[in-house]
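> All letters in the sequence shown, in the order written, are residues 0 to 171 by numbering that gives the first Met the number 0.
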Amino acid sequence: MDETTQRLGEALQAAREGRRPKLTQSDVSRELGVGRTTIQNIERGQFATINKTVREYAALLGWPHGAVDHVAAGEPVDAGAQADADAETGEPTGNSGLPLPPAVEYELRTNETLDSTVINLGPDEDDGHVIVVLQGRKGATPEEVARIAERYRKARRYLQGLAGEADEVADP
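#1: On a Cα-Cα basis, can you pick out the residue from S115, E42, T37 that is closest to E2?
#2: Would you give the residue range spanned by the alpha helix (DSSP H) that R54 belongs to?
#3: Pick helix, strand or coil for T37, following the three-state DSSP scheme.
#4: Which of the three DSSP states is assigned to L120 in this structure?
#5: Between Q12, Y56, E9, Y151, which lies nearest to E30 when the distance is taken from Cα to Cα?
#6: Taking the alpha-carbon of G135 as reference, which of I49, R150, V144 has the nearest alpha-carbon?
#7: Under 8 angstroms Cβ to Cβ from L113, same chain only, skipping five residues before and after it: list those, please.
#8: Quick one: what's Q134 bridged to in DSSP?
#9: If you run the structure through DSSP and keep just helix, strand and coil, what is H128?
#10: How many Å lie between R15 and V67 at the Cα?
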């Protein structure tokens with residue numbers, strides 16, 4: 000086991016454990032047609048080379064093509080690779096080219112987006128921001144959507160207030 004395989008194994012394990020609905024090692028081994036011990040060894044970083052099974056595991060988790068090599072090398076995925084991955088797979092990805100956290104991806108796919116907003120955490124672009132996506136269940140009635148929207152307005156004001164307080168604390 001070296002640093003490269005350990006880094007990749009830990010990233011694969013974290014991605015699997017973060018999926019919603021949950022994905023077990025047994026699920027992965029069954030899907031890939033390998034033994035559970037193989038999946039355990041991959042997640043421990045106990046493999047010699049990045050082989051077909053490792054790449055298939057990453058693909059099963061929704062990683063774009065090429066992400067395995069970049070994660071193993073400790074590098075971010077370049078924007079060109081992400082654009083290609085988005086076009087090829089249609090999978091939502093973050094700006095690193097890696098998949099969104101599985102719980103976020105699951106929610107985005109299974110619910111209906113009603114609204115979204117970006118809350119800046121400071122006056123400058125590099126101060127960071129929070130992205131809020133308002134979702135409701137698919138097929139919600141107009142009354143349910145109105146109730147959700149009202150709750151969202153209150154929560155959004157609260158979040159924007161917190162961001163404003165952060166500015167005041169950061170810039171005395």
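Here a beta-carbon is modelled for each residue, glycine too, at the ideal position from N, C-alpha and C.
This is what the structure holds:
#1: As a position in the sequence shown, residue 2 is number 3, starting the count at 1. Ranking the options by Cα distance to E2, first place goes to E42.
#2: Here residue 54 refers to the residue found at position 55 of the sequence shown. Counting along the chain, the alpha helix (DSSP H) containing R54 begins and ends at 51-59.
#3: Taking the sequence shown and counting its residues from 1, the one referred to as residue 37 is at position 38. Helix at T37.
#4: The count along the sequence shown starts at 1 and reaches residue 120 at position 121. If DSSP states are grouped into helix, strand and coil, L120 belongs with coil.
#5: On the sequence shown, residue 30 is found 31 positions in, with the first residue counted as 1. The residue with the shortest Cα to Cα distance from E30 is Y56.
#6: The count along the sequence shown starts at 1 and reaches residue 135 at position 136. Between G135 and the set I49, R150, V144, the nearest pair of CA atoms involves V144.
#7: Taking the sequence shown and counting its residues from 1, one reaches residue 113 at position 114. Within the same chain, L113 has close Cβ partners L133, Q134, G135, V144, I147, A148, Y151.
#8: Residue 134 sits at position 135 when you count from the first residue of the sequence shown. For Q134, which the question treats as bridged, DSSP gives the partners T112.
#9: Taking the first residue of the sequence shown as 1, we reach residue 128 at position 129. Judged by DSSP in its simplified three-state form, H128 adopts strand.
#10: Here the question's residue 15 lines up with position 16 in the sequence shown. Here the question's residue 67 lines up with position 68 in the sequence shown. Going by the C-alpha atoms only, they are around 14 angstroms apart.
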